[in-house]
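Just so we're aligned, residue 262 is where the sequence shown starts under our numbering, counting upward by one.
Glycine included, C-beta positions come from ideal geometry on N, C-alpha and C.
In this text the structure is predicted, and so the values were computed from the model without any measurement.
Comments concern the structure below.
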Amino acid sequence: MKYFFIYMLLGNFLRNPLLAILLIVFIYVFIDRQYIGILPDIFKPFKRRGRISALRNEVEINPYQGHAFYELGALFVEKGNMKQGIIYLEKARELMSDYPDIHYYLGVAYLKIGSLEKAKDALERALELKPKIKYGAPYIYLVEYLLKVESYNEKAEEYVEKIRNYGSPEFSYKLGVVFNETGYKDEAKEMYREAVTHYRNCAGFYKKQNRYWAFRAKIRGMV
């Protein structure tokens, strides 16, 4: 009711109902980004698109810019375009073979397109080069690898414990999604519960940062 009242108030003031709706949405998004943290960053795709364009120009001018190839590949992986990401990441690996983040993103990309052994090798190489890379994120994908090629065995349990030790709501949520997608429904619900628990134990600043993942975990846990 209060939102309807605000809408009517703004509509009368602005003399434009559509503009009033857009203003309410803008205000809500702004408040959420500053204080709440439930909504995803709606500006991120636009920032990423601009960065991709700039990096493409950079590698055309200088084809030996390894870090630019890496960043470009990583952005495509984050965008969900795994095959395009692999092209740039493989080029980056030729130029900077010992850079752990390249192997991490290659592992993620290969896993998502079904090249499981390549994914495993790349993720393990990333951890070999930098054991705490991405705060332990490679373990999520190594669990996914094991669930797809073997089962929820002792090695997978070992990786799950490593993820738990980080106490990250985001990691617990993502691991829950992996369990759910591979048919381990009970384990998935357990990880969603842990995501919420980790969130409750977060300090003030980190609560806002992780509220999005806790919210998603609650929703997933109810399904």
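Under 8 Å between C-beta atoms of residue i and residue j
{"i": "residue 402", "j": "residue 438", "result": "no"}
{"i": "residue 394", "j": "residue 430", "result": "no"}
{"i": "residue 377", "j": "residue 366", "result": "no"}
{"i": "residue 460", "j": "residue 472", "result": "yes"}
Selection from the options that minimises the alpha carbon distance to residue i
{"i": "residue 357", "options": "410, 331 and 435", "result": "331"}
{"i": "residue 324", "options": "464, 364, 359 and 355", "result": "355"}
{"i": "residue 418", "options": "315, 400 and 385", "result": "400"}
{"i": "residue 458", "options": "448, 478, 447 and 446", "result": "478"}
{"i": "residue 440", "options": "463, 482 and 462", "result": "482"}
{"i": "residue 444", "options": "455, 456, 468 and 413", "result": "413"}
{"i": "residue 386", "options": "451, 406 and 359", "result": "359"}
{"i": "residue 341", "options": "447, 317, 316 and 310", "result": "310"}
Rounded separation between residue i and residue j - CA only
{"i": "residue 420", "j": "residue 336", "result": "26 Å"}
{"i": "residue 427", "j": "residue 480", "result": "22 Å"}
{"i": "residue 223", "j": "residue 382", "result": "Coverage of the chain is limited to positions 262 through 484, which leaves residue 223 absent and any answer about it impossible."}
{"i": "residue 391", "j": "residue 424", "result": "16 Å"}
{"i": "residue 475", "j": "residue 326", "result": "39 Å"}
{"i": "residue 371", "j": "residue 306", "result": "22 Å"}
{"i": "residue 436", "j": "residue 449", "result": "7 Å"}
{"i": "residue 319", "j": "residue 379", "result": "28 Å"}
{"i": "residue 433", "j": "residue 422", "result": "11 Å"}
{"i": "residue 312", "j": "residue 339", "result": "13 Å"}
{"i": "residue 397", "j": "residue 388", "result": "8 Å"}
{"i": "residue 411", "j": "residue 304", "result": "39 Å"}
{"i": "residue 352", "j": "residue 409", "result": "28 Å"}
{"i": "residue 415", "j": "residue 363", "result": "28 Å"}
{"i": "residue 267", "j": "residue 469", "result": "Low per-residue confidence applies at residue 267: pLDDT is 48, beneath 50, and the placement is therefore not dependable, though the value from the model is reported in the following sentence. Near 26 Å, if we compare the C-alpha coordinates of residue 469 and residue 267."}
{"i": "residue 374", "j": "residue 442", "result": "15 Å"}
{"i": "residue 322", "j": "residue 334", "result": "17 Å"}
{"i": "residue 343", "j": "residue 463", "result": "33 Å"}
{"i": "residue 406", "j": "residue 328", "result": "27 Å"}
{"i": "residue 404", "j": "residue 345", "result": "24 Å"}
{"i": "residue 451", "j": "residue 316", "result": "41 Å"}
* Any alpha helix (DSSP H) of 4 or more consecutive residues that is wholly inside the segment 354 to 431 -> As far as the segment 354 to 431 is concerned, its whole alpha helix (DSSP H) runs of at least 4 residues are 361 to 374, 377 to 390, 399 to 410 and 415 to 427.
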